[in-house]
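With numbering that gives the first Met the number 0, the residue at position 145 of the sequence shown is 144, and numbering never jumps. Down below is the structure, laid out as structure tokens.
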Amino acid sequence: MQRKSVSPSKFRPLQISQSPVATSPGKNLTGPARVARDITADLFNTVQVWNDNHIKGAQIVRDIALLKGDNLDEYSKGLEDCTNNLHDLVQKLNSCVELFSKYRNQIAALKKVERRNDPLFISLSISDIERLIIVIVEGYLEEFKVNIQCSLVYYYNIYL
Numbered sequence: 000m001q002r003k004s005v006s007p008s009k010f011r012p013l014q015i016s017q018s019p020v021a022t023s024p025g026k027n028l029t030g031p032a033r034v035a036r037d038i039t040a041d042l043f044n045t046v047q048v049w050n051d052n053h054i055k056g057a058q059i060v061r062d063i064a065l066l067k068g069d070n071l072d073e074y075s076k077g078l079e080d081c082t083n084n085l086h087d088l089v090q091k092l093n094s095c096v097e098l099f100s101k102y103r104n105q106i107a108a109l110k111k112v113e114r115r116n117d118p119l120f121i122s123l124s125i126s127d128i129e130r131l132i133i134v135i136v137e138g139y140l141e142e143f144k145v146n147i148q149c150s151l152v153y154y155y156n157i158y159l
């Protein structure tokens, strides 16, 4: 089997600027890189809280369906507890939504303050990070709207 030789002119090495972390080993990040990293870390942690509450909410809704499925005309103490728990959980999700909006505003402010569009982390510029955070936040905001609508439907079906 013969190999075709490729002319070296068709390939160029990829030029990537170094990450601020790589250029200062053993030192803490500062400036826009630090702020962007903190915002993304906070966003990640809030997503984890959201996911935990979302799973709990699905279990509560399942319990409501089981309780209500057995006795359509009765409103037991267990059903009241479940609906109260669901309300509390929606309030926790609302707190997450407020944090998501805060992170979106923070990264937008960082982009306005930091006018350079150089990569902060190997290949992501502030604009790229802002775009990704907005996509993530908007997804969770839409999911929250759906969750609110579903919880209202459950409430009206249970008590009306």
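Backbone N, C-alpha and C fix where the C-beta goes; we use that ideal spot for every residue, glycine too. None of these values were measured; they are calculated from a predicted model.
>> Could you compute how far the alpha carbon of residue 82 sits from the alpha carbon of residue 41?
In response: The alpha-carbon separation between residue 82 and residue 41 amounts to approximately 30 Å.
> Taking the alpha-carbon positions, what's the residue 59 to residue 142 distance?
Replying inline: About 17 Å.
> What is the DSSP secondary structure of residue 66, reduced to helix, strand or coil?
Replying inline: In the structure shown, residue 66 sits in a helix (DSSP, three-state: H, G or I).
>> How far does the alpha helix (DSSP H) with residue 102 in it extend, from its first residue to its last?
In response: Element bounds for residue 102: 76–112.
> Going along the chain, which residues of its own chain have a beta-carbon closer than 8 Å to the beta-carbon of residue 147, five neighbours each way excluded?
Replying inline: Correct list, in chain order: 89.
>> Just to check my reading of the structure: residue 96 and residue 65 have Cβ atoms closer than 8 Å, yes? What is that Cβ distance to the nearest angstrom?
In response: Between residue 65 and residue 96 the Cβ distance is about 28 Å, and since that is not below 8 Å, they are no contact.
> Whole-angstrom Cβ separation of residue 101 and residue 125, contact assumed at under 8 Å?
Replying inline: Wrong, their Cβ atoms sit about 17 Å apart, outside the cutoff.
> Helix, strand or coil for residue 123 per DSSP?
Replying inline: When secondary structure is reduced to three states using DSSP, residue 123 falls in the strand class.
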